[in-house]
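Protein chains in written order, with the UniProt record's numbering: chain L, 1 to 283; chain F, 1 to 594. Have a look at the structure below, then the notes.
Quick look at the structure:
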């Protein structure tokens with residue numbers, strides 16, 4: 001019996017041929033309007049995910065968009081978020097720039113605070129965060145939390161047994177190494193647990209792998225209870241790669257259904273599930 | 001078919017929980033070949049206890065999937081000798097475990113020590129209050145082992161667990177913020193105390209303003225990355241609120257699997273056999289020693305495992321049961337008040353106080369941990385003057401936030417209907433505004449509370465069931481009532497409290513009820529002591545009648561403490577193992593003269 005039967009997740013293998021046509025990060029046409037963002041927050045679940053402290057209203061979202069586009073009430077950071085993370089928070093798929101769309105607002109707000117304070121040191125982000133006011137951090141975190149952007153293709157080449165091992169670590173961890181399963185905190189399909197736990201499903205593999213290494217070496221030290229550093233400490237490089245590549249390919253069931261609903265927007269095929277090719281949904 | 005006799009082993013250990021795995025670790029490293037017989041299955045924190053599946057309240061908390069299967073083994077129960085005992089067909093008042101780690105995987109992680117005066121209870125009370133003070137109908141006795149003797153072993157187990165807390169007595173120096181009543185600690189807790197939520201904080205403030213001494217509950221929910229002396233690596237607790245009745249998939253609640261089993265399983269002297277149900281311990285022809293155990297293997301066949309030394313490490317109740325069905329020690333007879341096996345069974349005396357806050361206090365009860373609480377020990381043991389109170393013993397008063405589970409956590413104020421629209425409204429309004437206070441009281445033994453074999457009912461293996469005869473002694477009812485009223489005073493003095501409700505499960509006029517959950521703290525039945533007429537084992541945990549049988553667990557407690565038993569019983573376990581390794585095994589013999 002495989003212990004993978006404990007989770008219900010669908011690993012999606014995407015086809016690389018669409019990568020060439022996906023838009024670059026610096027594309028204003030992807031910028032969602034405030035109306036669209038407000039519409040995204042219709043459900044209580046989405047609103048809970050997005051809210052930091054202040055009520056989520058048009059003003060806050062506008063302020064967030066202003067910061068994302070490089071402007072600000074008090075001068076701004078001097079660098080626009082969208083140049084790397086995209087106007088719709090999809091990132092650009094490289095190792096360095098994670099997907100922000102739909103991450104918990106409070107989580108992103110805290111990361112900005114931590115970049116600024118140095119508990120999550122980063123050559124680019126620390127300087128940017130130090131130039132933002134708390135209000136701007138909250139606004140831009142809420143803005144990206146409210147966005148619902150389609151996923152990019154996953155194009156990296158990876159052996160099925162490595163992927164299988166990554167899925168195993170995600171679902172049940174490793175008894176031999178004393179590694180607890182990711183699903184404990186990051187949710188049944190790696191969908192996160194707002195307000196404090198980010199999603200893994202659909203995040204970029206190289207970004208996650210790099211973060212695990214930073215946790216392990218102690219460079220990233222912004223978890224008040226040191227849960228992640230304790231886990232990363234027990235992981236080999238291969239473990240980190242396997243679990244990151246695995247989660248990069250996982251989509252929550254609702255995201256797959258939403259993608260199907262997009263219809264003729266041209267974005268749906270990118271994440272069309274080829275679930276039958278590697279379906280770990282058991283039971 | 002005759003049982004297959006297996007090759008002899010040095011030490012046979014019955015039960016793979018906290019005490020059994022620890023015995024195997026210590027004795028295997030002392031050069032003894034150890035075989036553990038565990039009736040349940042293999043399981044592991046990583047593969048068996050990961051959320052979100054593990055956080056299935058219906059499956060684990062309500063349907064008890066980690067607990068003993070009562071269709072195979074259970075006990076019969078009655079309140080007094082005049083009644084016909086009937087089998088417990090569903091678990092209720094207590095939840096013994098089964099499988100690797102035993103009940104140690106679904107504990108809350110509250111990690112206490114006995115008070116020095118607890119361990120010399122009869123002597124202490126007689127010295128302080130006079131020889132007539134302890135009521136005649138209580139068979140209270142000394143443990144035969146002192147706090148100073150147990151301290152290094154308490155300390156070591158706290159290191160094994162990565163205990164989190166703040167010492168209130170460090171090498172004799174009293175420290176505010178810890179338990180100022182505790183015995184001296186040789187060193188502070190290995191990890192800092194847990195972070196407290198608002199309800200516990202308000203409780204602590206109230207208690208302090210009344211001149212009491214609040215402190216964080218000592219916890220085996222680990223608060224930072226930690227490596228124990230066996231080399232086990234534990235992780236910080238995430239306050240997920242699923243300790244009690246659940247295994248911990250985070251490696252954050254110390255349990256016997258990650259703390260001990262993982263560190264000994266590869267040892268050449270270690271072997272564990274799962275799904276191996278011990279039926280009987282066999283004795284030598286002269287009856288002076290035990291020769292081994294007859295057990296039912298996973299293939300349904302009977303095996304006899306011979307051994308030089310036998311360790312009994314089952315849950316308290318099942319240890320006593322196995323002694324009785326094997327004819328080890330002299331069974332207790334309440335008519336003549338002679339015999340020792342089954343004598344001095346005791347429990348825990350529980351009362352609860354609910355404080356309901358106004359809307360300005362939002363408690364978020366889903367954020368919790370098994371040992372997350374603020375507690376006062378001012379009314380526990382003999383920490384307060386009993387002169388005019390008419391009872392012995394006491395209990396701690398704790399405000400805890402250990403779960404906010406949707407089925408089990410539905411606090412409603414006094415006067416709320418038990419069902420319907422009004423009840424639902426009250427649950428909705430109070431779920432996030434509730435302080436959960438417990439009075440966790442001691443339990444005194446009486447000649448009429450005991451364990452024996454049932455004359456009528458048998459288990460799935462044809463053995464007579466264990467029969468429990470128990471009711472709360474009047475002493476404990478008075479104690480519980482007194483300490484509960486102190487808890488009510490603290491609750492009423494808390495800021496933002498709009499109403500208080502109290503429930504005493506040991507109220508005068510009511511009988512002990514085996515149905516509602518109280519605690520899995522069954523104690524006694526094979527108690528420790530220095531007199532073979534009143535104890536089944538000597539002060540080293542060695543049976544008086546069979547010197548190669550050592551007994552572990554809460555069945556050793558002469559009377560139950562006001563504390564959760566895991567810390568106290570593990571202190572005794574390390575004490576016993578220390579004397580086995582250094583004294584008994586090099587020269588097997590009775591360690592005390594009968």
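By construction, the Cβ of each residue, glycine as well, lies at the ideal position given by its N, Cα and C atoms.
#### Entry: chain L contact residues for residue 272 (chain F), given Cβ-Cβ distances below 9 Å
Position 272 of the second chain, counted from the start, is the residue given in the question as residue 272 (chain F). When 9 Å is used as the limit between beta carbons, residue 272 (chain F) is near no residue of chain L, the shortest such separation being about 15 Å.
### Task
Taking residue 116 (chain F) as part of the alpha helix (DSSP H), name the residues at either end of that continuous run.
Residue numbering aside, residue 116 (chain F) sits at position 116 when the second chain is read from its first letter. Going by DSSP, residue 116 (chain F) is part of the alpha helix (DSSP H) stretching over 116 to 119.
### Message
Can you give me the C-alpha to C-alpha distance between residue 227 (chain F) and residue 578 (chain F), rounded to a whole angstrom?
### Response
In the second chain, residue 227 (chain F) corresponds to position 227, counting from 1. In the second chain, residue 578 (chain F) corresponds to position 578, counting from 1. Between residue 227 (chain F) and residue 578 (chain F), the C-alpha separation is close to 23 Å.
### Task
Could you confirm whether any beta carbon from chain F is found closer than 8 Å to the beta carbon of residue 184 (chain L)?
Here residue 184 (chain L) refers to the residue found at position 184 of the first chain. So, interface residue.
### Message
Which of the three DSSP states is assigned to residue 550 (chain F) in this structure?
### Response
The residue you call residue 550 (chain F) lines up with position 550 of the second chain. In this structure, DSSP gives residue 550 (chain F) an extended state, which the three-state scheme calls strand.
### Message
Distance check for residue 351 (chain F) and residue 234 (chain L), CA to CA, integer angstroms please.
### Response
Reading the first chain from its first residue, position 234 is the one you call residue 234 (chain L). Reading the second chain from its first residue, position 351 is the one you call residue 351 (chain F). Within the model, the alpha-carbon separation for residue 234 (chain L) versus residue 351 (chain F) is close to 43 Å.
### Query
Measuring CB to CB, does residue 167 (chain L) end up less than 8 Å from residue 246 (chain L)?
Position 167 of the first chain, counted from the start, is the residue given in the question as residue 167 (chain L). Position 246 of the first chain, counted from the start, is the residue given in the question as residue 246 (chain L). Taking 8 Å as the Cβ cut-off, residue 167 (chain L) and residue 246 (chain L) qualify as a contacting pair.
### Query
Hey, is residue 50 (chain L)'s beta-carbon within less than 8 Å of any beta-carbon in chain F?
Taking the first chain and counting its residues from 1, the one referred to as residue 50 (chain L) is at position 50. Not one chain F Cβ lies under 8 Å of residue 50 (chain L).
### Message
Any C-beta of chain F within less than 8 Å: which residues of the UniProt domain "Cytochrome c" (160 to 251) of chain L qualify?
### Response
Listed in sequence order: 171, 172, 173, 174, 175, 178, 179, 180, 181, 183, 184, 185, 187, 188, 225, 226, 227, 229, 230, 231, 233, 234.
### Query
Which same chain residues, not among the five before or five after residue 225 (chain F), have their C-beta less than 8 Å away from its C-beta?
Along the second chain, read from residue 1 onward, the residue named residue 225 (chain F) stands at position 225. Apart from sequence neighbours up to five positions away, the residues of its chain that approach residue 225 (chain F) with a beta-carbon distance below 8 Å are 233, 234, 235, 236, ordered along the chain.
#### Entry: First and last residue of the uninterrupted alpha helix (DSSP H) at residue 110 (chain L)
Residue numbering aside, residue 110 (chain L) sits at position 110 when the first chain is read from its first letter. That run of the alpha helix (DSSP H) goes 105 to 117.
### Task
Would you list, in chain order, the members of the UniProt domain "FAD dependent oxidoreductase" (10 to 93) of chain F that have their beta-carbon closer than 7 Å to a beta-carbon of chain L?
Legend: CB atoms of the UniProt domain "FAD dependent oxidoreductase" (10 to 93) of chain F lying less than 7 Å from CB atoms of chain L belong to residues 44, 46, 47, 50, 51, 52, 53.
### Task
Using a Cβ cut-off of 8 Å (strictly closer), state whether residue 403 (chain F) contacts chain L.
Numbered from 1 along the second chain, position 403 holds the residue referred to as residue 403 (chain F). At a cut-off of 8 Å between beta-carbon atoms, residue 403 (chain F) makes no contact with chain L.
### Message
Counting beta carbon pairs with one atom in the region 76 to 85 of chain F and one in the region 30 to 45 of chain F, are three or more of them shorter than 8 Å?
### Response
Because the criterion of three Cβ pairs below 8 Å is not met, the region 30 to 45 of chain F and the region 76 to 85 of chain F do not touch.
### Message
Does chain L have any CB closer than 8 Å to the CB of residue 275 (chain F)?
### Response
On the second chain, position 275 is the one that residue 275 (chain F) refers to. It does not; no Cβ of chain L falls within 8 Å.
### Message
What ranges does the beta strand (DSSP E) occupy inside the region 361 to 430 of chain F, keeping only unbroken runs of at least 3 residues that lie completely in it?
### Response
Runs found: 373 to 376, 395 to 400.
#### Entry: Short CB-CB distance (under 8 Å) between residue 261 (chain F) and chain L
Position 261 of the second chain, counting from 1, holds the residue named residue 261 (chain F). Answer no: the Cβ-Cβ gap between residue 261 (chain F) and chain L never drops below 8 Å.
### Task
Could you tell me the boundaries of the beta strand (DSSP E) in which residue 500 (chain F) lies?
By 1-based counting over the second chain, the position of residue 500 (chain F) is 500. 497 to 504 is the span of the beta strand (DSSP E), which, as asked, contains residue 500 (chain F).
### Message
Check for me: the alpha helix (DSSP H) holding residue 208 (chain F) runs from which residue to which?
### Response
Within the second chain, the letter at position 208 stands for residue 208 (chain F). Unbroken alpha helix (DSSP H) run through residue 208 (chain F): 198 to 209.
### Query
Terminal residues of the continuous alpha helix (DSSP H) containing residue 575 (chain F)?
Residue mapping note: residue 575 (chain F) aligns to position 575 of the second chain, counting from 1. Residue 575 (chain F) -> alpha helix (DSSP H) spans 566 to 579.
### Task
Report the neighbours of residue 431 (chain F) on chain L: residues whose CB is nearer than 9 Å to its CB, in chain order.
Numbered from its first residue, the second chain carries residue 431 (chain F) at position 431. Near residue 431 (chain F) there are no residues of chain L at all, since even the closest Cβ is about 17 Å away, more than 9 Å.
### Query
In whole angstroms, what is the alpha-carbon distance linking residue 25 (chain L) and residue 195 (chain L)?
Residue 25 (chain L) sits at position 25 when you count from the first residue of the first chain. Residue 195 (chain L) sits at position 195 when you count from the first residue of the first chain. The predicted model places residue 25 (chain L) with a pLDDT of 47, which falls under 50 and marks its position as unreliable, so this point remains unresolved.
### Query
Does DSSP put residue 443 (chain F) in a helix, a strand or coil?
Mapped onto the second chain, residue 443 (chain F) falls at position 443. Residue 443 (chain F) falls in the strand class under three-state DSSP.
### Task
For the alpha helix (DSSP H) containing residue 358 (chain F), list its first residue and its last residue.
Residue 358 (chain F) sits at position 358 when you count from the first residue of the second chain. Counting along the chain, residue 358 (chain F) falls outside any alpha helix (DSSP H), and DSSP gives it neither H nor E.
### Message
Please report whether the beta-carbon of residue 258 (chain F) lies at a distance below 8 Å from any beta-carbon of chain L.
### Response
Residue numbering aside, residue 258 (chain F) sits at position 258 when the second chain is read from its first letter. Output row for residue 258 (chain F): interface = yes.
### Task
Measure the Cβ-Cβ separation of residue 497 (chain F) and residue 437 (chain F) and say whether it is below 8 Å.
Within the second chain, numbered from 1, the residue matching residue 497 (chain F) stands at position 497. Within the second chain, numbered from 1, the residue matching residue 437 (chain F) stands at position 437. No. Outside cutoff.
### Message
Between the alpha carbons of residue 80 (chain L) and residue 36 (chain L), how many angstroms are there, rounded?
### Response
The residue labelled residue 80 (chain L) in the question sits at position 80 within the first chain. The residue labelled residue 36 (chain L) in the question sits at position 36 within the first chain. Each residue's alpha carbon lies about 21 Å from the other.
### Query
Run through DSSP, which three-state label would residue 211 (chain L) get?
Numbered from its first residue, the first chain carries residue 211 (chain L) at position 211. The answer is helix: DSSP assigns residue 211 (chain L) an H, G or I state.
### Query
Which value, in whole angstroms, describes the spacing of the CA atoms of residue 132 (chain F) and residue 186 (chain F)?
Residue mapping note: residue 132 (chain F) aligns to position 132 of the second chain, counting from 1. Residue mapping note: residue 186 (chain F) aligns to position 186 of the second chain, counting from 1. Going from the Cα of residue 132 (chain F) to the Cα of residue 186 (chain F) covers about 35 Å.
### Query
For residue 271 (chain F), which of helix, strand or coil comes out of DSSP?
Taking the second chain and counting its residues from 1, one reaches residue 271 (chain F) at position 271. In the structure shown, residue 271 (chain F) sits in a strand (DSSP, three-state: E or B).
### Alpha-carbon to alpha-carbon, residue 270 (chain F) and residue 394 (chain F)
Within the second chain, residue 394 (chain F) is the residue found at index 394, counting from 1. Within the second chain, residue 270 (chain F) is the residue found at index 270, counting from 1. So the alpha carbons of these two residues sit roughly 42 Å apart.
### Message
Check whether the region 418 to 437 of chain F and the region 290 to 308 of chain F touch, using three or more Cβ-Cβ pairs below 8 Å as the test.
### Response
Output reads no: the region 290 to 308 of chain F does not touch the region 418 to 437 of chain F.
### Message
On the criterion of 16 or more Cβ atoms from any shown chain inside 10 Å, does residue 335 (chain F) qualify as buried, or is it exposed?
### Response
By one-based count along the second chain, residue 335 (chain F) stands at place 335. Exposed is the call here.
### Query
When every heavy atom of the ligand MN is checked, does at least one fall within less than 7 Å of the C-beta of residue 250 (chain F)?
As for the ligand MN, it is missing from this structure, which has no ligand bound.
### Query
Just by C-beta distance, which residues in the region 215 to 239 of chain F are closer than 9 Å to chain L?
Those would be 223, 224, 225, 226, 232, 233, 234, 235, 236, 237, 238, 239, in chain order.
### Query
If we count the other Cβ atoms within 10 Å of its Cβ and call it buried at 16 or more, is residue 508 (chain F) buried or exposed?
By 1-based counting over the second chain, the position of residue 508 (chain F) is 508. With fewer than 16 other Cβ atoms within 10 Å, it is exposed.
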